[in-house]
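Novice: Residue numbers (the working numbering): -17 to 135. Positions of the beta carbon are idealized from the N, C-alpha and C atoms, including for glycine. Fair warning: this is a prediction, and the values are worked out from it, not measured in the lab. Before I ask anything, let me first share the structure, which is written out below as structure tokens.
And the structure:
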């Protein structure tokens, strides 16, 4: 089981770093691991196919988020397989997971952003919890889906 997981993780990592397509990808220089739940709250459960991402490109994505200095404790996730192809449903599942964990949607905005020669759809949702405000920032580009979470400073 572990060997199979490591093999799949290596294949995903190789696929994310294939030369020639790196400029069009959101995450190329990252290490990914399976993500079942959010690190900040184990009650926020993620759909099957979710991967946690860390590395240089994850940091670059955080830097691209408008108002990123107002937030801290960043976590970066991506989806693979069918999950990435069902972007709208996947985003709905992640937002629902926040609500189930006690975070209620406060502010939502959506925009289209041209970056790296492709169009991206950005969704920003702020969730109010009992003790903090969480940000869910989703970037969708062609067959890629990345979401970031953080909490207000």
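(1) At the level of alpha carbons, what is the spacing between residue 117 and residue 106?
(2) Is it a yes or a no for the region 81 to 94 touching the region 108 to 117, going by three-plus beta-carbon pairs under 8 Å?
(3) Under the assumption that residue 103 contacts residue 87 (Cβ atoms under 8 Å), give the Cβ distance between them as a whole number of angstroms.
(4) Can you tell me which of 134, 135 and 129 puts its alpha carbon nearest to the alpha carbon of residue 75?
(5) Under the rule that 16 or more other beta-carbon atoms within 10 Å means buried, what is residue 3, buried or exposed?
(6) Where does residue 135 sit, in a helix, a strand or coil, going by DSSP?
(7) Hey, could you find the ends of the alpha helix (DSSP H) residue 110 is sitting in?
(8) Within 10 Å of its beta-carbon, does residue 73 have 16 or more other beta-carbons around it, so buried, or fewer, so exposed?
(9) Which two residues bound the contiguous beta strand (DSSP E) that contains residue 121?
(10) Following the continuous alpha helix (DSSP H) through residue 96, name the residue where it begins and the one where it ends.
(11) Determine the contact status of residue 135 and residue 52, defining contact as a CB-CB distance below 7 Å.
Specialist: Let me spell this out:
(1) Looking up residue 117 in the chain shown gives position 135. Looking up residue 106 in the chain shown gives position 124. Looking at the backbone, the Cα of residue 117 and that of residue 106 are separated by about 7 Å.
(2) These segments touch.
(3) Stepping through the chain shown from its first residue, residue 103 is reached at position 121. Stepping through the chain shown from its first residue, residue 87 is reached at position 105. Between residue 87 and residue 103 the Cβ distance is about 18 Å, and since that is not below 8 Å, they are no contact.
(4) Counting from one through the chain shown, the residue named residue 75 turns up at place 93. Minimum Cα distance to residue 75 is reached at 129.
(5) Within the chain shown, numbered from 1, the residue matching residue 3 stands at position 21. Summary for residue 3: the model assigns pLDDT 38, below 50, so the residue's position carries little reliability, and this model does not support an answer.
(6) The count along the chain shown starts at 1 and reaches residue 135 at position 153. Of the three classes helix, strand and coil, the one that applies to residue 135 here is coil, per DSSP.
(7) Locating residue 110 in the chain shown gives position 128, counting from the first residue. Counting along the chain, no alpha helix (DSSP H) covers residue 110; the unbroken beta strand (DSSP E) around it starts and ends at 100 to 110.
(8) As a first step, residue 73 must be located in the chain shown, where it is residue number 91. Around the beta-carbon of residue 73, 16 or more other beta-carbon atoms lie within 10 Å, marking it buried.
(9) Within the chain shown, residue 121 is the residue found at index 139, counting from 1. Annotation for residue 121: the continuous beta strand (DSSP E) segment containing it runs 115 to 123.
(10) For the purposes of this step, residue 96 is taken as the residue at position 114 of the chain shown. Premise fails: residue 96 lies in the beta strand (DSSP E), 86 to 97, not in any alpha helix (DSSP H).
(11) Position 153 of the chain shown, counting from 1, holds the residue named residue 135. Position 70 of the chain shown, counting from 1, holds the residue named residue 52. By the CB criterion at 7 Å, residue 135 and residue 52 fall inside the cutoff.
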